[in-house]
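Peer 1:
Residue numbers (the working numbering): 260 to 395.
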């Protein structure tokens, strides 16, 4: 292969990578906006993790308990990053588990990476101006 052909291929490859990066970023941003639009009437906690991640496994019962204890006051969602890669990517998650706190208006209020205990989660909600009372 001659040098001019190599340069042409390098330029084409570079342009394709740039196009791919722009498309992925646009898709990720659009997904994040959609994610923030869902569940606008209740504050929402989204946990992006995986079924086989040890900290995620430890958080599963905490999330279920929050869902039960504060039904009608707080929406709690789990997204498996390995099974639903596009949805996880729409939240811009880099590591799991990641907990994302959304206000009642759909705005992102806070993000935490790693295991988060029930008390820490409720403390953060209180710090953000939300207090929940158990329904039971």
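Ideal Cβ placement from N, Cα and C applies to all residues, glycine included.
#1: Run the CB neighbour count on residue 341, radius 10 Å, all protein chains shown included, and call it buried at 16 or more, exposed below.
#2: Mark residue 308 as exposed unless 16 or more other C-beta atoms lie within 10 angstroms of its C-beta, in which case mark it buried.
#3: Pull up the distance between the alpha-carbon of residue 389 and that of residue 356, whole angstroms please.
#4: Taking buried to mean at least 16 other C-beta atoms within 10 Å of its own C-beta, is residue 376 buried or exposed?
#5: Using the C-alpha atoms, what's the distance from residue 306 back to residue 336?
#6: Between residue 289 and residue 347, what straight-line distance do the alpha-carbon atoms span, to the nearest angstrom?
#7: Hey, would you say residue 325 sits closer than 8 angstroms to residue 301, going by beta carbons?
#8: Using the rule of at least 16 other Cβ atoms within 10 Å of the residue's Cβ for burial, across every protein chain shown, is residue 380 buried or exposed?
Peer 2: For this structure:
#1: As a first step, residue 341 is located in the chain shown; it is residue number 82 there, counting from the start. Residue 341 should be labelled exposed.
#2: Counting from one through the chain shown, the residue named residue 308 turns up at place 49. The residue in question, residue 308, is buried, as its Cβ has 16 or more Cβ neighbours within 10 Å.
#3: Here residue 389 refers to the residue found at position 130 when the chain shown is read from its first residue. Here residue 356 refers to the residue found at position 97 when the chain shown is read from its first residue. If I take the Cα positions, the gap works out to 22 angstroms.
#4: Your numbering for residue 376 matches position 117 in the chain shown. Looking at its Cβ environment, which holds fewer than 16 other Cβ atoms inside 10 Å, residue 376 is exposed.
#5: Within the chain shown, the letter at position 77 stands for residue 336. Within the chain shown, the letter at position 47 stands for residue 306. Within the model, the alpha-carbon separation for residue 336 versus residue 306 is close to 6 angstroms.
#6: For the purposes of this step, residue 289 is taken as the residue at position 30 of the chain shown. For the purposes of this step, residue 347 is taken as the residue at position 88 of the chain shown. Low confidence applies to residue 289: its pLDDT is 39, below 50, so where it sits in the model is not reliable enough to give any reading.
#7: Numbered from its first residue, the chain shown carries residue 325 at position 66. Numbered from its first residue, the chain shown carries residue 301 at position 42. No, Cβ-Cβ distance for residue 325 and residue 301 is not below 8 angstroms.
#8: Here residue 380 corresponds to residue number 121 of the chain shown, with the count starting at 1. Buried, by the Cβ-count rule.
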